[in-house]
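Whatever position you read off the sequence shown (first residue = 1), add 109 for our numbering.
We put the beta carbon where it would ideally sit given N, CA and C, even for glycine.
Predicted, not measured: the structure shown is a model, and the values here were computed from it.
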Amino acid sequence: MISPCGFPSLSYTMTPNQPPVLQRPPAEVLYGEELARLRAADRLPRPPGWQLSMPAVRRFILGEGEAAAKIVCAPGLIERALVTLASNRALLLVGEPGTAKSLLSELLAAAISGCSTLTIQGSAATTEDQIKYGWNYALLLNEGPSPQALVPSPLYRAMQAGQLVRFEEITRCPPEVQDGLLSILSERLLMVPELSGEGGTLFAAPGFNLIATANTRDRGVNEMSAALKRRFSFETLFPIRDYEQEFELVRAEVGRLLARDQVPVLPPDEVLEVLVTVFRELRDGVGRDGAAGERLSTVVSTAEAVSVAYSVALRGYYLRGDGGEPGDIVEALAGAAAKDNAEDGKKLRRYMEHRAGKRQGAHWQAFYAARHRLPE
Ligand SMILES: Nc1ncnc2c1ncn2[C@@H]1O[C@H](COP(=O)(O)OP(=O)(O)O)[C@@H](O)[C@H]1O
Ligand SMILES: [Mg+2]
């Protein structure tokens, strides 16, 4: 069976106790069975071109009953995003790095269109060809411009098939390239001036829309023209506010990554407690006890907490055969949190000395005792 975006989806279905076929399966493959179940049970009206009704998509993303939430955020945000995607506006997800903008856009595309891989990655080098269409030059030289010689972009294919297209980090593209989207988003058509007649205009099929993401830390969203901004509804994602929710998310995510690698250990809860607390305190500059501290200038997001927890477990398992210990966090922390910023490195060292050392509990003491493992 070939899924709408060309994935032979059944052969990639994740089977327990079987090595995964892909390093990182897209959401429609990873959650293929859950999506199929939701589709089969869904009797509610669906917007044109959608594979699921809005309540079913909301349930897929926010969980319900047994099913855990895939995104921690206010339900209102997901509902507004769904209404936007069914309307004639595109959706722009903004926020700091690591606030699950990309993940949310992937889940929305997988649930609504059954395909999350029609994606354009924005960068300073993105060209209009990559957004709209290019040409197969051999064919172009031989036969001149023809539909066969046209190489469609992900956006072109999404318009044709009535699916969602994702545009990652849109504000990294030069504004004049971004503005190539203006007429597509307002007229819902794409002109191909090289092709005359019927082939010269592509009308978007029902179900087509665009989800863009933009980081507030990179070059800002102010790089977007006012005209283009008007075609988007903005939604801002924030770091997870609640400690328990962040802890649960990190534990669940790291469990999923380790299960995928068939690593039969999990980091102990005390290790995760140290890790999540340290990340939150360095992010907010405020301790769990309310005491003021220093904030790192680099982003220490939940996404990074997950990846540090994952390294801690891999280190524990492959080097010693356990699930990781508090000292392993120190090793991973410098590379993940302070990166190449010397000032943040110093803040991290001060945090270890002054705050971690004062905490009660063997796990905090073990973390403190490993402070010499911070690279100079
Ligand atoms: N609110 C959240 N809900 C779910 N996962 C989150 C959340 N915040 C961060 N994450 C974690 O961050 C990872 C994804 O971050 P990503 O989507 O790449 O962020 P962004 O695109 O905003 O930089 C997720 O896989 C998840 O582990
Ligand atoms: Mg992203």
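- Contact annotation: the segment 209 to 227 touches the segment 253 to 273, with at least three C-beta pairs closer than 8 Å.
- Rounded to the nearest angstrom, the Cβ distance from G316 to G158 is 2 Å, consistent with a contact under 8 Å.
- By the criterion of a C-beta distance shorter than 6 Å, S232 is surrounded in its chain by R281, once the five residues flanking it on both sides are discounted.
- In the pairwise beta carbon analysis, the segment 447 to 466 is classified as touching the segment 397 to 412: at least three pairs are separated by under 8 Å.
- At a cut-off of 3 residues, the continuous stretches assigned as beta strand (DSSP E) that sit fully inside the segment 307 to 357 are 310 to 312, 318 to 324, 341 to 346.
- In the DSSP assignment, Q287 falls within the unbroken alpha helix (DSSP H) covering 284 to 287.
- In this structure, S342 lies near L200, with their beta-carbon atoms less than 9 Å apart.
- Setting aside the 5 residues that flank it on each side, T208 is surrounded in the same chain by L346, F347, P348, S410, each with a C-beta closer than 7 Å to its C-beta; the list follows chain order.
- DSSP, reduced to helix, strand and coil, places A412 within a helical segment of the structure shown.
- In this structure E452 is exposed. Its beta-carbon is surrounded by fewer than 16 other beta-carbon atoms within 10 angstroms.
- Shown here, E379 sits in a helix according to DSSP, grouped into three states.
- One alpha carbon belongs to R148, the other to A267, and they sit about 21 Å apart.
- With three or more CB-CB distances shorter than 8 Å, the segment 422 to 430 counts as touching the segment 371 to 388.
- At the C-beta level, A418 and R464 stay beyond 9 Å of one another.
- Listed in chain order, the non-local C-beta contacts of L153 below 8 Å within the same chain comprise S162, M163, P164, A165, local neighbours out to five positions each way being set aside.
- Within a 10 Å sphere around the beta-carbon of H472 sit 16 or more other beta-carbons, which makes this residue buried.
- Bridge pairing for L200: I320, S342 [DSSP].
- DSSP, read as helix, strand or coil, puts G454 in helix.
- By the criterion of a C-beta distance shorter than 8 Å, I229 is surrounded in its chain by T235, Q239, I240, S262, P263, L264, V274, R275, F276, E277, once the five residues flanking it on both sides are discounted.
- DSSP places V363 in the helix class (H, G or I) of the three-state scheme.
- No residue range can be given for T407, since it is assigned to no alpha helix (DSSP H) and is classified by DSSP as neither H nor E.
- The beta-carbon distance between I279 and T322, rounded to whole angstroms, is 7 Å. This is short enough to meet the 8 Å contact definition.
- In the DSSP assignment, T193 falls within the alpha helix (DSSP H) that extends over 184 to 195.
- Judged by their CB atoms, L294 and L319 are nearer to each other than the 9 Å cut-off.
- For Q269, the secondary structure class from DSSP, reduced to helix, strand or coil, is helix.
- Secondary-structure assignment with DSSP links F276 through a beta bridge to I229, A321.
- Of E296, G174, V301, the smallest CA-CA separation from P256 is found for V301.
- In the DSSP assignment, W473 falls within the alpha helix (DSSP H) that extends over 471 to 478.
- Annotation for L299: the continuous beta strand (DSSP E) segment containing it runs 298 to 300.
- Rounded to the nearest whole angstrom, the C-alpha separation of G396 and L299 is 53 Å.
- Under the three-state reduction of DSSP, E390 is assigned to helix.
- Taking C-alpha positions only, R167 is separated from S196 by approximately 17 Å.
- Excluding its 5 nearest sequence neighbours in each direction, A443 has C-beta neighbours in its own chain below 8 Å: G454, L457, L483, P484, listed in chain order.
- Checking the DSSP bridge columns, you'll see G243 partnered with V260.
- Of the other Cβ atoms in all chains shown, fewer than 16 fall within 10 Å of the Cβ of A145; this residue is therefore exposed.
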